[in-house]
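Read through the structure below, which is laid out as structure tokens, and then see the notes.
Have a look at this one:
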């Protein structure tokens, strides 16, 4: 096969391929942003837990 398959597609075929590529890119971006939000929330919970722990230790002492 000496011609790349995308060159044999019609204009509508190129549009379909483009839509699928854009959907895949958007899905990756969404997953990445969810991962970052989850990491930020986790670190915020850790900071809050450390603050409560140090407050409890101060009350004990």
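Numbering (the working numbering), first residue to last: 86 to 146. The beta carbon of each residue, even a glycine, is placed where N, CA and C say it ideally should be.
Residue i and residue j closer than 8 Å at C-beta
i          : j           : result
residue 94 : residue 102 : yes
Own chain partners of residue i with C-beta closer than 8 Å, once the 5 adjacent residues on each side are dropped
i          : result
residue 86 : Confidence at residue 86 is low in this model, with a pLDDT of 46, below 50, so its placement is unreliable and the value that follows should be read with caution. Same-chain partners within the cutoff: there are none.
Chain B within 8 Å of residue i, Cβ atoms only
i           : result
residue 136 : Protein chain content of the structure displayed is limited to a single chain, and chain B is not contained in it.
(request) Jot down the residue ranges of each uninterrupted beta strand (DSSP E) in the stretch 91-139, minimum 3 residues, whole runs only, in chain order. (result) Runs found: none.
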